[in-house]
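Numbering (our numbering), first residue to last: 3 to 285.
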């Protein structure tokens, strides 16, 4: 497994590997890897001839009051996991490599479509500008045929899909299913922040989505009633940023589910912010 910190070197590797029509799959991460990340790696290895993973804790997607400095960076463990998974190349740029002159003076950025405005866009106003910008930069640094993203960060996935479509980027976005712990908690790098008590209380997130999905499958297509079901099950959380049922494409409120929708949850358990979702597919 090769590691690269230089954009030029990473780009050269991708160009060399793509000769003869070989395909490259990119798995962008911020490190602190778990089985959810590895499921993206496995999908990339299955679908593509070569797999490259990036590890970069992107400063421009963290607000001043968020956990950039505390974000876990177990780099040796991450590299061992990727090596065991059969990843061929890892891109690990510094912030200076990605943002010459520093993130604060980086004048050019990608402003995503309106799908970035609700939900996370309300609670983390600059987050998706940082996400869209760094993903665009990763696409340039590691030119690939496909990029693999998890559905857990559902709004992020929508933002990236819109960016690729709207800017005619020559890359296919491959959504991958949420990977859960045996007890139903969606895998997240932030789960390690939870105490035993907090971890137990966080199980209400998945249970709330299970109840919403069951009610939907039994014929309840009223978003307000489904949101009430979610709220009833989220009381063990310390606070709820949102628990909504919205249109699958626009992420905007709807009065009735007549086409595909998604239930989205963002909560805090202790100081740890956790998100999860469940797609509600109209038969």
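Glycine included, each C-beta is placed from N, C-alpha and C at the ideal position.
Check                                                                                                                                                                                   : Outcome
For a test of the three-state rule: what should DSSP assign to residue 178, helix, strand or coil?                                                                                      : strand
Distance, Cα to Cα, residue 217 vs residue 211?                                                                                                                                         : 10 angstroms
For residue 124 and residue 222, what's the separation of their Cα atoms in angstroms?                                                                                                  : 28 angstroms
According to the Cβ coordinates, are residue 57 and residue 96 closer than 8 angstroms?                                                                                                 : no
Within the same chain, show all residues whose beta-carbon is closer than 7 angstroms to that of residue 177, passing over the 5 residues directly before and after it, in chain order. : 151, 153, 159
Round the Cβ separation of residue 144 and residue 93 to the nearest angstrom and send it over; I've been treating them as touching at under 8 angstroms.                               : 5 angstroms
Can you tell which of 172, 149, 169, 130 has the C-alpha that lies nearest to the C-alpha of residue 157?                                                                               : 130
Which runs of the alpha helix (DSSP H) fall wholly inside the segment 185 to 227 and span at least 4 residues, in chain order?                                                          : 198 to 219
Sort 192, 241, 49 by Cα distance to residue 27 and report the nearest one.                                                                                                              : 49
Going by alpha carbons, who is nearest to residue 172 out of 83, 141, 75, 3?                                                                                                            : 141
Identify which residue in 191, 257, 175 has its Cα closest to the Cα of residue 248.                                                                                                    : 257
If you follow the beta strand (DSSP E) that residue 4 is in, where does it begin and where does it stop?                                                                                : 4 to 6
I'd like to know whether the C-beta atoms of residue 75 and residue 54 end up nearer to each other than 8 angstroms.                                                                    : no
Cα separation between residue 90 and residue 8?                                                                                                                                         : 16 angstroms
Between the beta-carbon of residue 161 and the beta-carbon of residue 114, is there less than 8 angstroms?                                                                              : yes
Can you give me the start and stop residues for the beta strand (DSSP E) that residue 52 sits inside?                                                                                   : 52 to 57
Rounded to whole angstroms, what's the CA-CA distance from residue 51 to residue 234? Just pull it up for me.                                                                           : 47 angstroms
Where does residue 39 land, buried or exposed, given buried means 16+ other C-beta within 10 angstroms?                                                                                 : buried
Out of 252, 46, 119, which one is the CA nearest neighbour of residue 263?                                                                                                              : 252
Pick from 238, 109, 155: whose alpha carbon is nearest that of residue 135?                                                                                                             : 109
So who's on the other strand from residue 246, going by DSSP bridges?                                                                                                                   : 266
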